[in-house]
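Asks: For reference, the structure I am asking about is given below.
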Amino acid sequence: MSLQTVPSDSTEPRPNRPEDVQALEADARMRDDIRLLGRILGDTVRDQEGADVFDLVERIRQTSIRFHRDEDRLARRELEQILDSMSTSETVRIVRAFSYFSHLANIAEDQNNIRQMRARAAKSSGSGVLADTLAHAKAAGVGPDQLRNFFKTALVSPVLTAHPTEVRRKSTMDREMEVAGLLDRRERVALTAEEAAASDEQLRREVLTLWQTNLLRRTKLTVLDEVANGLSFYDYTFLREVPRLVNALEDRLEEDGAQAAGELASFLRMGSWIGGDRDGNPFVTADVMRGTLRLQSSRVMQFYLNELHVLGSELSIAAHLADVSEELRNLAERSPDTSPHRSGEPYRLAVSGIYARLAATAEMLEVEITRRPVGKAAPYASVKELQADLDVLHRSLISNNARVIARGRLRLLRRAVDCFGFHLARLDIRQNSAVHERTIAELMDAANPGMSYLALGEDARISLLTNELRSTRALVSPFVKYSDETMGELNLFHAAAEAHAKFGSDAIPQCIISMCKGMSDMLEVAVLLKEVGLVHPSGRSAVNIVPLFETIEDLQASSGIMDRMLSLHDYRRLVDSRGSVQEVMLGYSDSNKDGGFVTSGWELYKAEIGLVEVFERHHVRLRLFHGRGGSVGRGGGPSYDAIIAQPGGAVNGQIRITEQGEIISSKYSNAEVGRNNLEILAAATLEASLLHPRQSAPRREYLVAMDELSNLAFKAYRGLVYETEGFVDYFWASTVINEIATLNIGSRPASRKKTRAIEDLRAIPWVFSWAQCRLMLPGWYGFGSAVEQWIAEHPDKGMPFLKELYQEWPFFRMLLSNMDMVLAKSSIAIASRYAELVPDEALREKIFGRIRREWHSCIETLLDIMGQDRLLQGNPLLERSVRHRFPYLDPLNHVQVELLKEHRAQNPDEQVLRGIQLTINGISAGLRNTG
237 MSLQTVPSDS TEPRPNRPED VQALEADARM RDDIRLLGRI LGDTVRDQEG ADVFDLVERI
297 RQTSIRFHRD EDRLARRELE QILDSMSTSE TVRIVRAFSY FSHLANIAED QNNIRQMRAR
357 AAKSSGSGVL ADTLAHAKAA GVGPDQLRNF FKTALVSPVL TAHPTEVRRK STMDREMEVA
417 GLLDRRERVA LTAEEAAASD EQLRREVLTL WQTNLLRRTK LTVLDEVANG LSFYDYTFLR
477 EVPRLVNALE DRLEEDGAQA AGELASFLRM GSWIGGDRDG NPFVTADVMR GTLRLQSSRV
537 MQFYLNELHV LGSELSIAAH LADVSEELRN LAERSPDTSP HRSGEPYRLA VSGIYARLAA
597 TAEMLEVEIT RRPVGKAAPY ASVKELQADL DVLHRSLISN NARVIARGRL RLLRRAVDCF
657 GFHLARLDIR QNSAVHERTI AELMDAANPG MSYLALGEDA RISLLTNELR STRALVSPFV
717 KYSDETMGEL NLFHAAAEAH AKFGSDAIPQ CIISMCKGMS DMLEVAVLLK EVGLVHPSGR
777 SAVNIVPLFE TIEDLQASSG IMDRMLSLHD YRRLVDSRGS VQEVMLGYSD SNKDGGFVTS
837 GWELYKAEIG LVEVFERHHV RLRLFHGRGG SVGRGGGPSY DAIIAQPGGA VNGQIRITEQ
897 GEIISSKYSN AEVGRNNLEI LAAATLEASL LHPRQSAPRR EYLVAMDELS NLAFKAYRGL
957 VYETEGFVDY FWASTVINEI ATLNIGSRPA SRKKTRAIED LRAIPWVFSW AQCRLMLPGW
1017 YGFGSAVEQW IAEHPDKGMP FLKELYQEWP FFRMLLSNMD MVLAKSSIAI ASRYAELVPD
1077 EALREKIFGR IRREWHSCIE TLLDIMGQDR LLQGNPLLER SVRHRFPYLD PLNHVQVELL
1137 KEHRAQNPDE QVLRGIQLTI NGISAGLRNT G
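Following this note's numbering, the numbering of the sequence shown begins with 237 at its first residue and continues without gaps.
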C-alpha cells in the first residue's frame, strides 16, 4: 500500500481562522504519517506475499479511491469485478492488508489527536481542559476554597467493563502501541540521520511483526483473561496518571489562593465490573471473583513495592547533613534493615522497613511479589497504617526544608495509596433481578413450608422482605440442600463478605441489580446481603444497593419506585447508614434496543429529572451511574457533551460512568490521552455541578415537543423492529450476527436465552451487527419520520421551532450531533448489498425499502435542523477522517457479503469463516467502534 494516492481535499475552501489553519496543518502531518505507515505496510505485503498480491491490493485500493473521489460508476463495476474474481486464499490476504491499513491509520489519527491536544494545552492559560474549567469557575466567582470543599464530597469514577466489543487481541495492541511510540518520538525529538534510519527500521520491524501476528484469537477468553487485559490499562495509564491529575489540581488550587488546610480529597476513583458482573455470564463465580480481587491486589501491591524500591534509592539523605523528625527516627529504628551501608541514612532505613511490612501484607493477602524484603516485619492491618508511615516521611521532609523532595516520587506514591488502597479498583457485583428473585423464593419457601414466594404480590413480598431484614435469625439453613443456582449466588455473597474483611470495604462497595422492576428486587438483595453480614438487622449496610433501570418502561417507573423505597423506613435506614447517598444506574444500551435512539435518550433524560425531584424531596443525595456503551447506538458519544447536557441537579458533584470494550483501549492505552480523558470527566462533572447546576430547566414547550417527537420515533422504531412480521428473519439473514458469535472476543454469551428473539439478544451484538453492514440503524431509526409527522401536526411551529431547539437546548443538540456522526459512517449502498442476503425477496423489499426511506428522511431532516449542507460539516477533521476511510472499508464490506454467501451455502473451506472474521475485525477498525 504505497498510499501515494490519497483522497484529495483540493475542492474544499481555504480556511481563514488561525485555529483552522493550524488544524489543517496538523491534518497534513497526519496524512504524512499515514503515507509512511502505508508505504511500510505495502513493502511488507510485497516482501511477504509476493508482487502479485501487492499489485492486486494496489489495484483494489486505487479503484476504490477513484470511485469515491469521482463517483465513477465504471470504477465501481471494475472494483466489484476484481473482488468477485479472487480466490478464497487471495481474499484472505487482501482482507488482512486492508484491515491492517485501518489499524495503522488509526494509530496515525491518534497521534494527530495527541499533537493537537498538546498544541491546545500550550496555547491555553493552564495545561488542559480541567485548567480551563477552573479558570471559568474563577471567572464565575467560585473561589478556590469553595472548590476544595466541592472536591471533599465529589466522586468521579470511570468503571471498566468486559463488554465484548474489543475485537483486537492484546498481542496486536501491544505492537500497535510500539508503532505509536515510535511515531511519537519522531514527532518530539530531532533525530540524527542515524537515529532516523534506526527508527525507520524499527517501524518496519513492528509492522512486519504485526503482519505475522494473528489478528484473531484462536481460543475463547476466560473471565480472568479479561481481568488481566483490563489490568494492563493500570500499567499504561491509571496507576500514574490518576495521582498526577489529583496532585496537579491540588497545586492549581493552592496557586489560586486556597486557604483550607489539608490535602485535596482523592475524588477520582477507578471502578470495575470485570470479574464481578454475573448478569448473563455463568463463568463469573465466587472463585473467579476471589481470583479477580487477588489479581487486582497483586497489580497495585507490586506497583507500590517497585515505587518504594526506587524511592529508597532516591532518598539517600544522610542524618549528619540534614535534620530528620523524631517520628522518622523511630520509624527507621523499627526497620529490619541491618545493612551497615545504610546505618546513617534514616530515610532509606524507614523505606526498607515500610517495604518489609508491605511485602508481609502482600503475603497475607496471598499476593506474589518479585523482590524479597531485607527482613521480616509485621504486615499492615489496613491501608491506613501504610498511609501513616508514608506520612511520617512526608512530614519529616517538609519540616526540615526539603519540600521539593517530598513533592517528588513520595507525593505520587502517597496519592496512589489513597486512590487505590490494597484493592486497586472498586469491584461491583451485578446480577439480574430474576436470579435474585429465584434465589430468595427458594430460601423463603424452604424456611416457610407451604409458602410460594413467587405467587405473592408485590405488597406481600415487600412486607415479608422487610420483616426478614429486621430478623436476627439466619434465613439459610445448613440442613437444606439448595439448587446449584442458589448456592452459586450465596457463595458469591460470602466471597464479597470475605473481600471486605481482607481488602477493606472499598473492595466491593456496590451490588447492582440488572433489570430492576420494583421495590422487592432491591429488598431481595438487601436480604441476601444480610445473610452474609454485609447488612445488619439494626439498619446498617456495608454495601450500596444499586437498582439498574434499563427498559423504557422501567425508566418511566424509576422515580416512582425510588420515591416508595426512600419512604420505606427499613430501607431508608440502610441508605442513611451509607451517608444518605443512594446510587441509581441507568441503562443506555437496552433502553435503546427496546425503544430506539430518540426515545431512549429522552426517557433517560426524563427519568433523571424525576429522580432529582424525588431525591431532593427526601433529602437524599442522588448519585447517577451511567451505563453507556461505546457506540451511539448504546448511549456512547463524547463524554464531556453528555455530562454537560444532563438535566439540572443530575450530576451534583458525583458521577460514575462505564467505559467499555474498544473505548477503553482508545481512551486509556496512551498515558497522555488517558490523562486528558480523565480530565474531561472531572472537568465536566465540576462544570455541570458548580457552573450551571440548574442550567437545563428548558421551556415547557421544548419538553412537550420532545415528548411528542419521542412518541412518534418510538412508534416508528417499534413498528419496524418488534411489530413487522419477518423482521427477525430479516435481521438474522442480512447481518453478521451469527458469525460475530464465532469471534473469541469475550467470555459472555451473546444472548440471555437461546432464542432468536430481539428481546433476548444482548445490546452489544445487536449494535455490532448493524455497524458491520454500515446501516447503524440503532443510532438513528425513527427520527426522520418523527420530525416529518411532527411538522405536519404543528404547521404553526414547523422547522423554525426545531432549529430553535437545536440552538438553545444542549440535550437536543447532543442528540443530533451524535446522529450526525453515526449517519456519516453509514452507507445505504453498502447496506443494500447485505439486504440481498435475505432469501425472501418480498420480505427484503418490504423491510429494506422502509429502512432506506427512513435513512434518507433522517439525513434530510437532520441537515435542515442543524443548518448543514452535508453530514459532519461542523466537524471538518472528523468529516475528512470518515471520508478517507471509505475507500478502504468498502472493499471489506463487499468481500464480507460474498464470503457470507459462501459460508451460508455450507462451503466447507475453513478459510471462508476465517475471512469473514477478518473482515469483521477490519470493518470495526475502519469504523473505530463496534458495539
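Here a beta-carbon is modelled for each residue, glycine too, at the ideal position from N, C-alpha and C.
#1: Quick one: is Glu604 near chain D, going by C-beta distance under 8 Å?
#2: If you follow the alpha helix (DSSP H) that Ser707 is part of, which residue opens it and which one closes it?
#3: How far does the beta strand (DSSP E) with Leu663 in it reach, from first residue to last?
#4: What three-state label does DSSP hand Arg404 in the structure shown?
#5: Roughly how many whole angstroms lie between the Cα atoms of Leu500 and Leu585?
#6: Please list, in chain order, all residues of the same chain as Leu444 whose beta carbon is under 7 Å from its beta carbon, the five residues on each side excluded.
#7: Less than 8 Å between the beta carbons of Ile270 and Ala355, yes or no?
#8: Looking at the strands, I want to know which residues DSSP matches up with Asp436.
#9: With a floor of 3 residues, list each beta strand (DSSP E) that falls wholly inside the stretch 721 to 790, ordered by position along the chain.
#10: Please name the residue or residues paired with Thr894 in a DSSP beta bridge.
#11: Straight-line CA distance for Ala614 to Phe503?
#12: Return the bridge partner residues of Leu594 from the DSSP annotation.
#13: Spatial neighbours of Leu197 within its chain, please: C-beta separation below 7 Å, excluding the five flanking residues on both sides.
#14: Got a sec? Which residues, its chain only, sit under 6 Å from Val560 by beta carbon, not counting five neighbours each side?
#15: Whole angstroms is fine: what's the gap from Thr597's alpha carbon to Arg535's?
#16: Can you give the Cα-Cα distance for Ala878 and Leu784, rounded to whole angstroms?
#17: Would you kindly report the start and end of the unbroken beta strand (DSSP E) that includes Gln818?
#18: Confirm, please, whether the CB-CB distance from Thr327 to Gly1158 is below 8 Å.
#19: Could you check which residue in Leu726, Thr921, Asn906 and Gly884 has the C-alpha nearest to that of Ile893?
#20: DSSP beta-bridge partners for Arg857?
#21: Since Cys1094 is in the alpha helix (DSSP H), which residue starts that stretch and which ends it?
#22: Can the beta-carbon of Pro394 be found less than 8 Å from the beta-carbon of Gly580?
#23: Please work out which residues of its chain come closer than 6 Å, Cβ to Cβ, to Glu839, disregarding the five sequence neighbours upstream and downstream, and give them in chain order.
#24: In angstroms, rounded to a whole number, what distance separates the CA positions of Glu760 and Ile994?
#25: Do Leu765 and Phe729 have their C-beta atoms within less than 8 Å of each other?
#26: Using C-beta distances below 7 Å, list every residue in its chain close to Pro243, excluding the 5 sequence neighbours before and after it, in chain order.
#27: Does the count of Cβ pairs from the stretch 660 to 673 and the stretch 723 to 742 closer than 8 Å reach three?
#28: Assuming Tyr472 and Ser905 are in contact, meaning their beta carbons sit under 8 Å apart, how far apart are those beta carbons, in whole angstroms?
#29: Consult DSSP for Leu457 and reduce its assignment to one of helix, strand or coil.
#30: Classify Glu1029 as buried or exposed, calling it buried when 16 or more other Cβ atoms lie within 10 Å of its own Cβ.
#31: Return the CA-CA distance between Ser1021 and Thr1097, expressed in angstroms with no decimal places.
#32: Report the three-state DSSP secondary structure of Gly589 (helix, strand or coil).
#33: To the nearest angstrom, report how far apart Phe334 and Leu1125 are at their CA atoms.
#34: Sorted by chain position, which residues of the same chain lie with C-beta nearer than 7 Å to His630's C-beta, five sequence neighbours on each side aside?
#35: Secondary structure at His928, three-state DSSP: helix, strand or coil?
#36: Between the beta-carbon of Ser803 and the beta-carbon of Gly846, is there less than 8 Å?
Replies: In brief:
#1: Checking the listed chains, one finds no chain D in this structure; it contains a single protein chain.
#2: Run containing Ser707: none; DSSP gives neither H nor E here.
#3: Arg662 to Asn668
#4: coil
#5: 29 Å
#6: Thr280
#7: no
#8: In DSSP, Asp436 forms no bridge with anything.
#9: 746 to 750 and 780 to 785
#10: Val395
#11: 31 Å
#12: Paired residues: none, contrary to the question.
#13: With the chain covering only 237 through 1167, there is no way to say anything about residue 197.
#14: Pro582 and Ser632
#15: 14 Å
#16: 19 Å
#17: Val817 to Gly823
#18: no
#19: Thr921
#20: Val817
#21: Glu1077 to Met1102
#22: no
#23: Ile788 and Leu791
#24: 28 Å
#25: yes
#26: Bear in mind that a pLDDT of 43 at Pro243, under 50, signals an unreliable position, so the number given afterwards is only what the model happens to contain. Excluding residues within five positions, the ones whose Cβ falls inside 7 Å are Ile301, His304, Arg305, Arg1119, His1120 and Pro1123.
#27: yes
#28: 6 Å
#29: coil
#30: exposed
#31: 9 Å
#32: helix
#33: 8 Å
#34: Ala642, Leu646 and Arg650
#35: coil
#36: no
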